[in-house]
Each structure stands twice: as structure tokens, then as C-alpha cells.
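Structure first, then comments.
Protein chains: 2
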Amino acid sequence: MPKIVQCVPNFSEGRNQDKINKIVEPFKGQDGFKLVSVEPDADYNRTVVTLLGDPNKIIEALIPFVGKVLEEIDMNVQKGEHPRMGAVDVIPFIPIEGVTMDECVKYAEEIGENINQSFDIPIFLYAEAARQKRRIKLPTIRKGEFEGMKEKIKEEKWTPDFGENKIHPTFGVIGIGARNPLIAFNIDLDTAENKIASSIAKIIRGSSGGFGYIQAGPAFLEKRNHMQVTMNILDYKKNAIYRIVETVRMEAKRYQVNVTSCEVVGLIPKDAIVRSLQYYYASEGKAFPEMSLEDIAEDAKNILNFRDFDVFKIIEANM
Amino acid sequence: MPKIVQCVPNFSEGRNQDKINKIVEPFKGQDGFKLVSVEPDADYNRTVVTLLGDPNKIIEALIPFVGKVLEEIDMNVQKGEHPRMGAVDVIPFIPIEGVTMDECVKYAEEIGENINQSFDIPIFLYAEAARQKRRIKLPTIRKGEFEGMKEKIKEEKWTPDFGENKIHPTFGVIGIGARNPLIAFNIDLDTAENKIASSIAKIIRGSSGGFGYIQAGPAFLEKRNHMQVTMNILDYKKNAIYRIVETVRMEAKRYQVNVTSCEVVGLIPKDAIVRSLQYYYASEGKAFPEMSLEDIAEDAKNILNFRDFDVFKIIEANM
């Protein structure tokens, strides 16, 4: 069985299409892996790239990719809604098929060392690749962001896993990790009030007593002129999508605010959609039918209100 | 300011009214504290007593109370839906007014030592009164229940805080603790299927990824012939009642099951009801009115569907 990993590098440019094109160039038309998607977000000023395929081929392409980012992005002038600590903010490896988590940790270590040696950018290993307990959670490492990292990295406990106690002056630092699949998921609200999205995010996220596997915060989409609750669903089997959406809908009701649509950033496992569709079918007393991936994608749009969605956002459609 | 604690002893008899009357006799007509309620449950075969007032007076009355229980209950023949490790299962002290948590810990220690010396019943200190980390959570101590405790107590790590490594042969052991107010809350479902209540309980409880401050399980009410999701709400400010009820309602929907009513065991702070009423008023776009305690109790019955409820279930109505 061929080894398949998902790799989801994020970089801190989501507005200038010209720069974005240059940056993702090294991922295009390569043998051994697929460039599944490039998702720029102007408000977040960040682009999420999704790669799927042979881990060794992906690792090879990551070096010229970081080189391009280094040419195109200067973090001293970059601004956006999404928290970030580097021009490439994170590079996570996710085991999909024929590959273990331990192997993904090794890929993270290998590319981390390579990037540091090639470009003198400090690397923090996170999630399953973390070598210290306080580095498991990305938000803990990223706290202070690019601007705060200049001082933070001088502390002994924030010595990078690869590199010196000094950020790269224009690039910052990168978090490189291995982790289980998570779903980057946003719920759109028809309000522009930050307070409402903040309060709902606080209610659903595990760190303040909400659902155990949810990390969430508010974000304003300037172009669309509304707030969203932006989140990571760390375990969709324990915290199903429908449950989170229905809870957000319930909480929004007290403000006379509605959930208008939802958004998946990057890929989503088929099983995560199916589990939520099953809820809505069962709630209406309907049997759950046999469905093709295309049918599932259609239902995701119509029943779960996923916007800007198509079948290729489902992991299995790219394999 | 007079010191006011709430003390909620539970004993393992909920069917024989004659025995229950004899057992609670020492709490009746006493100076310095009020016997707020005696709530027997035949299915659980357990009675919850709520006392409110001067901690020293309550401690005095607890000794003859335990004496009565020792006369009336033999755990070798007791059976019921509620897990239990002793004829008196737990005695928690809760600070209400003019008293600190540290003082409540001291009351727990004092009565624990007294009961052990008077009746040779082993005592485990739990929650804020716990002297070991593994004794903080009551379910960890209680695991194995009365029947399993015979062997468990012989292990060195389960040496009681007061007493020998040997249960009382007819009484078992008691958990005595100090804790913040919790709400013992049950949500009635119009189904008799354990699987449905179990699956919903698992979804909402913190230990399996649900809401952080909820402990929950299924229970069957034989007399009423339906299941309920029975729970402790450990922090109603973080996990509001309305949110739990609405989530249970949402999850029940997939089974075509309804939430028919809710039940508060023991007392509930006024603030916990008000916070949930505010949600429903706001959801309907109505301003929240000035309300007396009686009005709040009425709304709790009509809007929150609390059954068997009256104003004296609200802590503040007893002070």
C-alpha cells in the first residue's frame, strides 16, 4: 500500500493573488502528490494549502515553497484576522493511509531540520511531534504572535526545537507538527457584532467548559460584512458537526441572530459529513440512503449549508 | 453575619416511608437549621435530605441521624438504580453565606471523625475535603459500590481517611466532603429505552467530550415508566441549564423522543433559574421583567418544565 499523508501548510498572505500564485508554484504538477486546494482568505490574510500523497515527495516540495514565501512575505508589514507567528505559520502532517503517526512525527522532524538549515528559520515541533508538554498545543506556542515572538524566543523555555533563540527578521518562526485529522470549520452568523460571536465561541469551546474537542474564537469577515465562529473540531466522532452547528444556532437565537451557512477550510473526511447527515435524516424519521460521494457533497450543501463546497473538499474524493 | 451552610446527606432507602420517617426524625424541629426537604425516590431507592443553617447544629444532628440509618438499613439486601457505597452514601457541606470552603472542609473532617469513632464506619473525604488526588471525584471512590468496597478497601491506596481497612458489615462506608453548590438535575425522556438515555448522557457529559461541567448517566423510573438523563451540573454559570436541556432535546429528536419535563433534586440557586429564563425571554425578543421568587418558581414550572417544583426548592426562599 502506498503511504498517503495529508499536509496542510498555511502561509500569511491571503490577498495578493500574484504572490499566492508564485508561492504555491512548487506544489503544481508534481509527481507523487496532489495539490488538492489553495484557499486564500482576504480577511484572515492567510492561505491554506492542502497536499495529499507521498510524504517524501511532499517534503521535497516544501523546501522551494518556503523559499518562495521568504521572497514574497515580510511579516513586519503583514496584518490580518488570523493569529500567526510566521510567514509560513504551520506545517502539519496527518496520517491518512499506510502510514503511522510515528512516521508523521519523523517527517515533521526531517522537514523541520531541513528548513532550519536551509533558511535559518527557527522551528517549533507541536502536537504529536512536540518534545515538551507545553508545546503540544499550537496556541500556547503561538501566543504573542510574530510581534511577541521576538522577545518570547529569548526565554530558555522557548528555545526552538531547531535553530537559535532568535526569530528570522522577516519570516518569524514555523510550527511543524504531526496530528490526527481535524476539521477547520467556520459557522457564519448574520451579525457584525464581535461580542455575539465571542460569547458563542466561549460557550462551545472546551477550554471554557464547552465541548471537549472544540477550539473556537470569533472572526470578522470584512468582505462579507459578518462575523463567524471559527473553530477546529479536533475529534468529529466525539463532537459531531451537527451538534456544534445546532448549539451555535440555539445560542444565536437569544440575539435574534441566525446561522446562515458553514464553511470547511481544507479537507473533511466523508465520515464526518455522513455522521451529521444521519442526524438530520433520523430527526425527520427518514432512512439514510446509499449515497455516492457526489450525493454526499450535494447534501452537505443543501442540508448542512456548507458554502463554497464541492466533492473535492472530501478527502476520499482525492484518493 | 450568621454562618449558613447547606448539607445534603443521601441515604439508601427511598421506598419504605416508615423507615424514612424514623431516619429523618433527628432533623425535625431543631434550632439553628432548617430541614428544607426530604426527597425519597423509589426507583433510585435513595432519599436526599437538604439541610440549611448553622453548621455546628447540623453536625450535632448528623450523629443521631447516622445512628437511625444504622438501625434501619442493611446494605446487604438494599437494591436500587442509584450507585451507592453506604447506607448513608454521602454527606457534602456547601458554603452558602458567611462561611468559607476551608471551614466546610473542617466541618467535613470533624463529623467524619465523630461518625467513625461513634459507629466504626470508615470515612472517605472527597471533593474539596479530599486528602488525595484520586479521592477528589466521588465516582472514583464509589466505583465498585457497596459490594465491591469489601475488597477495594483492603488495598493500601483505599485506606479510609478515618477508620480501618474494613467496611462496616451492614452499613458500608460514607463519603464526606465539601464542595461548591451543584445542581442535581434530571431530564425526563418519553422513552423506556436505556440505550437512548445512555447515548445522550454520553454526549453531554464532560468525561466523554461533552460539556465540561456535566456528570451524567441514564436512569429508568419504573413507577413513571420512562428513562431520564440524570446529572450533576457542577457549574451552572459555565454550563447553563437551558443549554443542557436544549442539547438533550436536540439529540433526542433523532430517536423521535421528546423531553417531557425536568426535575431538580435538592435545592437550586435562584441565579441558575434566572440565567436560563433570560435565555428564553431573549430568544422571543422579550425584555426580562422584575420577578419575585414566587414568579421565578412559576416560570421555572411553565417555561423550564420543572415538575414537582415549588418556591422552596430555591435556596433563597429558605433563608
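Protein sequence lines, in the order shown, are assigned to chains H and E. Under my numbering, think of the first position of the first sequence as 1, with each following residue one higher. Under my numbering, think of the first position of the second sequence as 1, with each following residue one higher. Where a beta carbon is used, it is the ideal one built from N, C-alpha and C, also for glycine. Computed from a prediction, not measured in an experiment: that's the story for all the values here.
If you draw a straight line from the Cα of H:Asn56 to the Cα of H:Ile123, it is about 19 Å long.
Collapsing the DSSP output to three states places E:Phe309 in coil.
Cα atoms of H:Ala297 and H:Lys143: separation of roughly 36 Å, rounded to the nearest angstrom. Listed along chain H are Met250, each with a C-beta nearer than 7 Å to that of E:Glu246.
Close to chain E, meaning a Cβ-Cβ distance shorter than 7 Å, are the following residues of the stretch 263-292 of chain H: Tyr279, Ala282, Ser283 and Gly285. Rounded to the nearest whole angstrom, the C-alpha separation of E:Ser283 and H:Trp158 is 46 Å. Under the Cβ criterion of 8 Å, H:Tyr126 is not counted among the residues facing chain E.
With contacts defined by Cβ atoms closer than 8 Å, E:Gly32 and E:Asp54 form a contacting pair. The bridge partners DSSP lists for E:Leu221 are E:His226.
Per the C-alpha coordinates, the member of H:Val24, H:Arg254, H:Ile187 and H:Arg243 positioned closest to E:Ile203 is H:Arg243.
Between the beta-carbon of E:Ala192 and that of E:Phe220 there is about 7 Å, and that keeps the pair under the 8 Å contact cut.
Spatial neighbours of E:Gly206 in its own chain (CB-CB distance under 8 Å, excluding positions within 5 residues in sequence) are listed in chain order as Gly212, Tyr213, Ile214 and Gln215. H:Asp235 and H:Leu182 have their C-alpha atoms some 7 Å from each other.
In this structure, DSSP gives E:Thr170 a state outside helix and strand, which the three-state scheme calls coil. Those residues of the stretch 186-210 of chain E placed with their C-beta closer than 8 Å to a C-beta in chain H are Ile203, Gly206, Ser208, Gly209 and Gly210, ordered along the chain.
In terms of beta-carbon proximity, E:Lys253 lines the interface with chain H, with at least one pair separated by less than 8 Å. One thing to note: H:Asn258 has its Cβ within 8 Å of the Cβ of H:Asp190. Listed as beta-bridge partners of H:Ser37 by DSSP are H:Thr50. Taken through DSSP and simplified to helix, strand or coil, H:Asn186 comes out as strand. E:Leu293 is positioned such that its CB atom lies no closer than 8 Å to that of E:Val274. Three or more beta-carbon pairs separated by less than 8 Å link the stretch 78-92 of chain E to the stretch 8-20 of chain E, which places the two stretches in contact. Within the stretch 51-137 of chain H, the runs of alpha helix (DSSP H) at least 4 residues long that lie entirely inside it are, in chain order, 55-72 and 101-119.
The three-state reading of DSSP puts E:Val8 in coil, since its state is none of H, G, I, E or B. Closest in alpha carbon position to H:Ile268, among H:Gln256, H:Ile233 and H:Tyr279, is H:Ile233. Contact of E:Asp235 with chain H by beta-carbon distance below 8 Å involves Gly209.
Counting only residues of its own chain and dropping the five nearest sequence neighbours on each side, H:Gly172 has a CB closer than 7 Å to the CB of Met75, Met85, Gly86, Ala87, Phe146 and Met149. Among the residues facing chain H, E:Tyr213 is included, as its CB has a counterpart in that chain under 8 Å away. Within 7 Å of the CB of H:Asn239, the CB atoms of chain E belong to Gly209, in sequence order along the chain. In the three-state reduction of the DSSP assignment, H:Asn165 falls in the coil class, being assigned neither a helical nor a strand state. In the three-state DSSP reduction, H:Gly175 falls in the strand class (E or B).
A direct Cα-Cα distance of roughly 24 Å separates H:Ala201 from H:Gly175.
A direct Cα-to-Cα measurement between H:Lys223 and H:Tyr126 gives close to 32 Å. In the DSSP secondary-structure assignment, E:Ala216 is bridged to E:Met231. When 7 Å is used as the limit between beta carbons, E:Gln256 is near these residues of chain H: Gly285, in chain order. Here the alpha carbons of E:Val245 and H:Ser198 stand approximately 22 Å from one another. Residue pairing of H:Arg205 in beta bridges, as defined by DSSP: H:Phe211.
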